[in-house]
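To convert a position in the sequence shown, counted from 1, into my numbering, add 6. All residues carry an ideal CB built from backbone N, CA and C; glycine is no exception.
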Amino acid sequence: IPQQGRFLSSKLTNGADVNGSAVNGSANSAAAGFLSAPHRNDAIIANAITFIPAESLNVAVDLEILRPGDTLDIPYELTITDTFADLWHSAFLSQDRLQTSTPFCRKLGFQGRLLPFGLLAFLTSSMTHADAAKIQVGYGPIHYYWPGFTGDTFTKRFQVQSVRNTSDGLHSIIQFQCSLYNQRGKLCMRADKRMMFGTRLVESMTTPVVEEEEELLRNHILSKSGILHKESHSLCRLRPGQLIRHDHARSLTHGQSQQLASLARLTHPRHFHTNGAKEEQLLVPGGLVVGLCQSASARELHEILHEEVLAVQFCNEVYPDTTVVGALSYISNIQSTNDGDLELVTVRTIGIDVSNNRALPKALPQALLEGEQLWLPKELEIFCSAACPSLCGRILLQMDRKILRQSTSKPKDVFLL
7 IPQQGRFLSS KLTNGADVNG SAVNGSANSA AAGFLSAPHR NDAIIANAIT
57 FIPAESLNVA VDLEILRPGD TLDIPYELTI TDTFADLWHS AFLSQDRLQT
107 STPFCRKLGF QGRLLPFGLL AFLTSSMTHA DAAKIQVGYG PIHYYWPGFT
157 GDTFTKRFQV QSVRNTSDGL HSIIQFQCSL YNQRGKLCMR ADKRMMFGTR
207 LVESMTTPVV EEEEELLRNH ILSKSGILHK ESHSLCRLRP GQLIRHDHAR
257 SLTHGQSQQL ASLARLTHPR HFHTNGAKEE QLLVPGGLVV GLCQSASARE
307 LHEILHEEVL AVQFCNEVYP DTTVVGALSY ISNIQSTNDG DLELVTVRTI
357 GIDVSNNRAL PKALPQALLE GEQLWLPKEL EIFCSAACPS LCGRILLQMD
407 RKILRQSTSK PKDVFLL
């Protein structure tokens with residue numbers, strides 16, 4: 007016990023029996039004298055207090071030793087509940103029946119509704135120990151190989167693809183290949199993710215060879231075209247060269263952003279810490295920004311049966327509560343299946359900030375919509391300042407996708423979606 011406690015104990019015990027009853031008043035008077043002397047009490051407490059230093063345990067990966075080909079097997083496991091899926095659906099609109107209709111999914115041979123592409127992509131790329139990262143730069147290809155369902159338990163594996171330094175020499179960009187496996191060891195999704203770190207590292211652009219996986223989920227859906235041809239739920243006819251203005255816009259509240267990040271076990275301080283920073287400086291995670299753009303474009307591209315992301319480039323920051331995300335989509339190519347019932351659409355979606363009642367542009371420069379490579383943020387701002395000043399600082403994301411949907415054989419009268 008502390009020194010002052012032992013002092014009191016010896017004084018009190020000196021004149022008391024085992025039950026604490028006083029035998030004489032000397033002990034009580036001594037204790038009263040001790041307690042009534044603040045200067046003596048303060049001196050004893052000052053001498054008795056001992057501080058134990060706190061230490062932080064470093065559970066993050068040492069960036070200095072990461073080289074291409076290094077594999078990180080993440081020890082955590084996560085079972086997806088109905089609540090997680092419901093929270094996702096409450097934030098990101100979709101009418102695609104593979105996500106909303108159990109009878110439709112069973113008709114196609116699935117056990118139940120599939121987890122949304124955006125949810126799995128966010129889960130696949132979320133990192134718990136990447137606090138050293140400054141920002142997420144973008145995504146490479148994202149493939150949905152095997153269906154995920156509520157009740158599945160997932161594990162993750164990250165492999166370093168490349169390490170390079172920025173042109174200013176102050177930062178480094180590491181590309182990870184993120185893989186998501188279910189409880190049976192089946193590879194469900196794979197996503198390439200680029201992150202910027204605030205330190206200079208030894209560069210290595212040697213990309214490890216990765217076996218190409220079979221597109222089992224997409225092939226299964228293609229095999230069901232005989233069932234799908236009976237009634238097409240695609241509502242809008244698409245054509246190459248078409249620029250679609252999506253009038254539906256989405257945003258996330260502060261609570262939604264943090265809840266979804268916590269559910270995916272994403273713990274980066276830029277999404278949570280308000281200490282020393284204004285609340286509006288907290289950022290919406292990159293995976294959720296992708297979800298917002300998918301949601302904003304969902305009505306006009308309905309009905310999506312399968313999706314593959316080719317590349318994503320983040321351009322400007324998205325804030326919870328304040329940033330409202332709108333979108334435009336450019337159809338660059340359409341390939342129909344042999345029977346004409348399904349079509350594979352290559353589309354570039356541009357996410358644009360429409361906060362403060364700012365409208366989507368009625369046209370975009372062709373240079374923003376065509377080309378194999380997405381624009382880098384600095385180059386994009388220079389181009390916009392010269393060609394379309396109203397878009398400066400407003401383009402949030404560029405995303406190239408391939409979507410598999412039902413063909414629309416003839417125009418339909420659409421009353422509501």
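Check, Outcome
"Does the separation of the CB atoms of residue 313 and residue 123 fall below 7 Å?", "yes"
"Between 200, 232 and 183, which has its C-alpha nearest residue 214's C-alpha?", "183"
"In this structure, does DSSP put residue 277 in helix, strand or coil?", "helix"
"Mapping DSSP to helix, strand and coil, what is residue 509?", "Look at the range of the chain in this structure, 7 to 423, and you will see that residue 509 is not part of it."
"Residue range of the alpha helix (DSSP H) that residue 268 falls in?", "260 to 269"
"Spatial neighbours of residue 176 within its chain, please: CB distance less than 8 Å, with the 5 preceding and 5 following residues excluded, ordered by chain position.", "204 and 206"
"DSSP puts residue 85 in a beta bridge; with which residues?", "159"
"Using the Cα positions of residue 40 and residue 48, report the straight-line distance between them to the nearest angstrom.", "In this predicted model, residue 40 has a pLDDT of only 48, less than 50, meaning its place in the structure is not dependable; the value taken from the coordinates is given anyway. C-alpha separation (whole angstroms): 11 Å."
"Looking only at DSSP bridge pairs, what is residue 408 linked to?", "314 and 352"
"Measure the alpha-carbon distance for residue 8 versus residue 63 and round it to whole angstroms.", "Residue placement at residue 8 cannot be trusted, given a pLDDT of 45 that sits under 50; the coordinates are not used to answer."
"Does residue 76 come out as helix, strand or coil in the three-state DSSP assignment?", "coil"
"Name the residue from 144, 369, 82 and 247 whose alpha carbon lies nearest to the alpha carbon of residue 295.", "144"
"What residue from 330, 401, 397 and 328 has the CA that sits closest to residue 356's CA?", "401"
"Would you say residue 168 and residue 181 are within 7 Å of each other, going by their C-beta atoms?", "yes"
"Between which two residues does the beta strand (DSSP E) holding residue 382 run?", "Segment: none, residue 382 is in no beta strand (DSSP E) and carries neither H nor E."
"Could you tell me which of 244, 370 and 140 sits nearest to residue 341, measuring between CA atoms?", "244"
"Are the CB atoms of residue 128 and residue 293 nearer to each other than 7 Å?", "yes"
"Leaving aside the five residues before and after residue 263 along the sequence, list all residues of the same chain whose C-beta is less than 8 Å from its C-beta, in chain order.", "277, 288, 290, 291, 294 and 326"
"Run through the segment 293 to 346 for me and flag every whole beta strand (DSSP E) of 3 or more residues, listed as ranges in chain order.", "310 to 320 and 331 to 342"
"With distances taken Cα to Cα, identify the nearest neighbour of residue 378 among 254, 392, 396 and 405.", "405"
"Considering only C-alpha positions, which residue in the set 187, 146, 407 and 370 is nearest to residue 158?", "187"
"Taking just the CA atoms, how far does residue 399 sit from residue 370?", "15 Å"
"Just reading off the beta strand (DSSP E) that residue 203 is part of, what are its end residues?", "193 to 203"
"Could you pull the DSSP bridge partners for residue 178 from this structure?", "171 and 203"
"Kindly list the residues whose CB is nearer than 6 Å to the CB of residue 242, restricted to its own chain and excluding five residues on each side of it in sequence; keep chain order.", "306"
"I'd like to know whether the C-beta atoms of residue 132 and residue 270 end up nearer to each other than 7 Å.", "yes"
"Under DSSP, the beta strand (DSSP E) around residue 142 begins and ends at which residues?", "139 to 150"
"What separation, rounded to the nearest whole angstrom, lies between the Cα atoms of residue 232 and residue 152?", "21 Å"
"Could you check how far apart the C-beta atoms of residue 195 and residue 130 are, in whole angstroms? I think they sit under 8 Å.", "5 Å"
"Just to confirm the assignment, what range does the alpha helix (DSSP H) spanning residue 112 have?", "108 to 113"
"Would the beta-carbon of residue 102 fall within 7 Å of that of residue 309?", "yes"
"Could you tell me the alpha carbon to alpha carbon distance between residue 274 and residue 160, rounded to whole angstroms?", "20 Å"
"Looking at the structure shown, is residue 365 part of a helix, part of a strand, or coil, going by DSSP?", "coil"
"Should residue 330 and residue 392 be called a contact, given that it needs their Cβ atoms to be closer than 7 Å?", "no"
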